[in-house]
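Worksheet: the structure to be examined is printed underneath.
Residue numbers (the numbering used here), protein chains in the order written: chain A, 870 to 1375; chain B, -9 to 234; chain C, 4 to 245.
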């Protein structure tokens, strides 16, 4: 089911392609930097950001902890509003339900607003297989669709394309040469898609949040295409991940505070729409028939798993992508799945339940924690990446060489005597390779490392070899401790008797 | 009171001068460090790669080494950060879990100890150079060590702290990441040293020898002439300079 | 709808109800506890406490709304009354050579009497006045859409429009230019003051469409270069009255 985008089969190979694509790297770097700065400025201006993050996290934790209650409530209320609610455990089921609706409505065309769930399901391909035209209407998604690619960023799908490439794609569609001018290109898309909106039989959307207590679904967007899709066609189909729920409109205020700021640095997206059921009897627009398909597709695998349940808290803002130094260098397609960046590195194996096959994307992280820091609902992605790596090892799917290396590591480091011996041997052995205090040899597993760095030599005498001399020196030159410092230290020692956990861990 | 040094394996084998600087600096302030020799490595390379069994084997040496210490200080935010993972690592071994929780409570990164515990923000150093600072990810993000080093540097006479562009970005080390994903890591460290060179600093200072080894190694590979040292070294050198 | 379709929908419905039971029970099982049937206590509902009491005085609400709406690319004018709004819209219609104007129905815009004051060849249509007309197409050909806002929020620079028979969603969406009249007493400080009303009205009383609009339609999907007027109105006026 997974579309890897390119023929390269590992993250390492795909990353290699990206690293050699200067344009891609520049484009991704430029945009993520801008979004990241925008987010930081917006959070700063709003103020009390940590309290809002904590609130967002608590609301999401609470909802997921009682997901059976809230999802059931949502479904009942949506039905009461006149919505046809469907449940799909697998991607396959979700696709079948969608196609059945399209067939029964005799649909020839579907207009879609941005939805990552439909990307997960590869729904466009499925619709086309029964002769239904599926048109992406978000500008970035439309460009990607014309290029026959998949989105490389949750928020900015065409982040990896420049205006010249986009002008070529749109010119082919227009049948005339369009200049690489953003306003002209967007103008062409507006006219072209207007026709599509007006003639489409079905409007299809994702769902940012679903409000349990009133059975409403909420969409955030800037272009107005999601409004078009939910206003003009006669039938609306919404695909939502089963975890998109929040209890109330009051909780939406918190999400509306966190999502646009974290995604693009906006105080608010241009449009936030709450849709509660199909059009009312006397309304002259809005869908006559509305379906909501609630999709599991691997999400429930995280429920009850203490290490991964928080993954369901994600609000799909893309802030972790913008903060991630790895994403910045390799872009989204290198991750190989529907979701990219730090969230994708965890979500793809988690949703597919096949940690071992996807573990290489878990390796594509330096564990720097920038994702966690950026996350508006505080998902510890950097820790989850380590859990994924551990699960692969525990499943006996680790690499042989690495496993051997780690056994050796534990053998040497498992006791100070063996460590000391090994260190002495290494001090002797390195004489063969050290030149001018450094090692430049590009062989074995260190070849990659040495292609970018000179490794320092081991010290002639290690710290532990120097300690006796040093201890004598410091004892002889010791100053008197300041009594206030002494008192402070005593106090700190006593205080921690009461405190839970450690200090730090911001 | 027993203040023990958790030297870390890099600090022991590659950069003993950092531990020496810490010991001298603390002695100047009336604290004699204790150095338990049974310690080896915190186990982070194994832990981060998913080899938790192996990580536990080495972590036990640390738990045993510091069992009766009052404070445990290290020159690395990342290794101290690893100690914060011990309770998770030993969650199914009650006896070791208790030791892990105890150790976590008394472990500090060096500047954290100096500023938060001892209340020292001015060590009486002078260091008349242009310095830039790389805040390592684990120290700043996971331990929350942000202001401490800056405060210490602000009180060093003659030190001109110049901003490092995109300072908070990871240097690309990430342990085995630098080996397994060498080209991504290489791109990251190259971007970092671009920024170091752009800052026009004479000295790059940090709180984690792993990151500094990575950055210094790339600077040397590229032929960049920036001196790379740990903040403890800078402070100790600055105090002896001041004394002269 | 033909009977076959009706029975198909009914069949889907009964299948969905059966599936719902299994699906929800499955979630409870995964969470390793019996199914929760009663409303759980939700101690973190809504914004943090300090936020709930935050409110600007009306002059500041107007200032901040204006600042935010403008920085998103929208236009704001403060006008004393509906007469001023009428001349403002008439003036803009002349200036931009608008031909088709579509307005929502309702007593306030009836009182505005745009129809009576705009000279030929300008045509003013009233949403859903004559049933059977294709109102979506009428909206798509309109140069101006005129709406009377239900709410506005100063903190985010947003106006809110709710749908009903006389208040089509298309009026604020399909025309080239959007004119939104915002009576000053409907201008709140925070989004939460507005959202709270939807919780209070609850299921069954909500309109089909609730739309927050915070400026002209925009996109930054091409090289992060801001483009205005991608699908929705590219020119948006908020006219604060009073």
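Heads up, the beta-carbon is just placed ideally off N, CA and C, and yes, glycines get one too.
Assuming residue i contacts residue j (C-beta within less than 8 Å), just tell me the rounded distance between them.
{"i": "residue 126 of chain B", "j": "residue 196 of chain B", "result": "6 Å"}
{"i": "residue 1055 of chain A", "j": "residue 1008 of chain A", "result": "6 Å"}
{"i": "residue 130 of chain B", "j": "residue 155 of chain B", "result": "With 8 Å as the limit, residue 130 of chain B and residue 155 of chain B do not qualify as a contact, their Cβ atoms being about 16 Å apart."}
{"i": "residue 30 of chain B", "j": "residue -1 of chain B", "result": "7 Å"}
{"i": "residue 126 of chain C", "j": "residue 104 of chain C", "result": "7 Å"}
Since residue i is in the alpha helix (DSSP H), which residue starts that stretch and which ends it?
{"i": "residue 67 of chain B", "result": "67 to 79"}
{"i": "residue 968 of chain A", "result": "960 to 973"}
{"i": "residue 1078 of chain A", "result": "No alpha helix (DSSP H) holds residue 1078 of chain A; the beta strand (DSSP E) holding it covers 1078 to 1080."}
{"i": "residue 57 of chain C", "result": "That residue, residue 57 of chain C, is in no alpha helix (DSSP H); it is neither H nor E in DSSP."}
{"i": "residue 164 of chain C", "result": "Counting along the chain, residue 164 of chain C falls outside any alpha helix (DSSP H), though it belongs to the beta strand (DSSP E) covering 161 to 165."}
{"i": "residue 43 of chain B", "result": "42 to 55"}
{"i": "residue 1239 of chain A", "result": "1239 to 1243"}
Going by DSSP, what residue range makes up the beta strand (DSSP E) through residue i?
{"i": "residue 146 of chain B", "result": "Taken as a continuous stretch (DSSP letters only), residue 146 of chain B belongs to no beta strand (DSSP E), as it is neither H nor E."}
{"i": "residue 931 of chain A", "result": "Unbroken run through residue 931 of chain A is the alpha helix (DSSP H), 918 to 934; no beta strand (DSSP E)."}
{"i": "residue 978 of chain A", "result": "978 to 981"}
{"i": "residue 1113 of chain A", "result": "Neither: residue 1113 of chain A is in no beta strand (DSSP E) and is coded neither H nor E."}
{"i": "residue 1003 of chain A", "result": "1002 to 1005"}
{"i": "residue 4 of chain C", "result": "Neither: residue 4 of chain C is in no beta strand (DSSP E) and is coded neither H nor E."}
{"i": "residue 286 of chain B", "result": "It is not possible to answer for residue 286 of chain B, since the shown part of chain B is limited to -9 through 234."}
{"i": "residue 75 of chain C", "result": "That residue, residue 75 of chain C, is in no beta strand (DSSP E); it is neither H nor E in DSSP."}
{"i": "residue 215 of chain C", "result": "212 to 216"}
Does DSSP put residue i in a helix, in a strand, or in coil?
{"i": "residue 195 of chain B", "result": "strand"}
{"i": "residue 1018 of chain A", "result": "coil"}
{"i": "residue 180 of chain B", "result": "helix"}
{"i": "residue 1105 of chain A", "result": "strand"}
{"i": "residue 224 of chain C", "result": "coil"}
{"i": "residue 1309 of chain A", "result": "coil"}
{"i": "residue 1088 of chain A", "result": "strand"}
{"i": "residue 1427 of chain A", "result": "Because chain A is modelled from 870 through 1375, residue 1427 of chain A falls outside the range shown and cannot be assessed."}
{"i": "residue 988 of chain A", "result": "helix"}
{"i": "residue 133 of chain C", "result": "coil"}
{"i": "residue 243 of chain C", "result": "strand"}
{"i": "residue 181 of chain C", "result": "strand"}
{"i": "residue 1251 of chain A", "result": "helix"}
{"i": "residue 1360 of chain A", "result": "helix"}
{"i": "residue 1323 of chain A", "result": "coil"}
{"i": "residue 951 of chain A", "result": "coil"}
{"i": "residue 147 of chain C", "result": "strand"}
Measure from the C-beta of residue i to each C-beta in chain F and report whether the shortest distance is under 8 Å.
{"i": "residue 1312 of chain A", "result": "Judged by its chain identifiers, the structure shown contains no chain F, and its protein chains are A, B and C."}
Between the options, which has its C-alpha nearest residue i's C-alpha?
{"i": "residue 1238 of chain A", "options": "A:1230, A:1320 and A:1248", "result": "A:1248"}
{"i": "residue 143 of chain C", "options": "C:130, C:177, C:137 and C:13", "result": "C:177"}
{"i": "residue 1285 of chain A", "options": "B:28, B:147 and B:15", "result": "B:28"}
{"i": "residue 913 of chain A", "options": "A:1301, A:1283, A:1134 and A:1199", "result": "A:1134"}
{"i": "residue 155 of chain C", "options": "C:132, C:140, C:71 and C:35", "result": "C:71"}
{"i": "residue 925 of chain A", "options": "C:47, C:11, C:136 and C:73", "result": "C:47"}
{"i": "residue 1063 of chain A", "options": "A:940, A:1101 and A:927", "result": "A:1101"}
{"i": "residue 923 of chain A", "options": "A:1126, A:1176, A:944 and A:1028", "result": "A:1126"}
{"i": "residue 167 of chain C", "options": "C:74, C:108 and C:8", "result": "C:108"}
{"i": "residue 1005 of chain A", "options": "C:234, C:219 and C:213", "result": "C:234"}
{"i": "residue 1178 of chain A", "options": "C:8, C:51, C:37 and C:33", "result": "C:33"}
{"i": "residue 1226 of chain A", "options": "A:1208, A:1266 and A:1021", "result": "A:1266"}
{"i": "residue 1243 of chain A", "options": "A:1199, A:1107 and A:1210", "result": "A:1210"}
{"i": "residue 1335 of chain A", "options": "B:-6, B:6 and B:51", "result": "B:6"}
{"i": "residue 98 of chain C", "options": "C:241, C:17, C:21 and C:147", "result": "C:147"}
Exercise for the section: Report yes or no: do the region 85 to 102 of chain B and the region 1339 to 1356 of chain A share at least 3 C-beta pairs separated by less than 8 Å? Expected result: As far as the Cβ criterion goes, the region 85 to 102 of chain B does not touch the region 1339 to 1356 of chain A, which means the pair count is below three.
Problem - the region 109 to 127 of chain C contacting the region 85 to 94 of chain C, beta-carbon criterion three pairs below 8 Å - result: With the cut-off at 8 Å, the region 109 to 127 of chain C and the region 85 to 94 of chain C touch.
Handout entry: Three or more C-beta pairs below 8 Å linking the region 173 to 193 of chain C and the region 1110 to 1119 of chain A
Key = no
Exercise for the section: Decide if the region 1317 to 1336 of chain A is in contact with the region 75 to 82 of chain B; the criterion is three or more beta carbon pairs, one per stretch, under 8 Å apart. Expected result: Touching, no.
Practice task
Mind the definition here: the region 223 to 233 of chain C touches the region 1152 to 1160 of chain A only if three or more C-beta pairs lie below 8 Å; say whether that holds.
Solution key: no
Exercise for the section: Would you be able to state if there are at least three C-beta pairs under 8 Å between the region 168 to 184 of chain B and the region 205 to 224 of chain B? Expected result: yes
Exercise for the section: Inspect the CB distances between the region 206 to 220 of chain C and the region 1140 to 1149 of chain A and report whether three or more fall short of 8 Å. Expected result: yes
Handout entry: the region 988 to 1006 of chain A contacting the region 966 to 977 of chain A, beta-carbon criterion three pairs below 8 Å
Key = yes
Practice task
Mind the definition here: the region 1031 to 1048 of chain A touches the region 949 to 959 of chain A only if three or more C-beta pairs lie below 8 Å; say whether that holds.
Solution key: no
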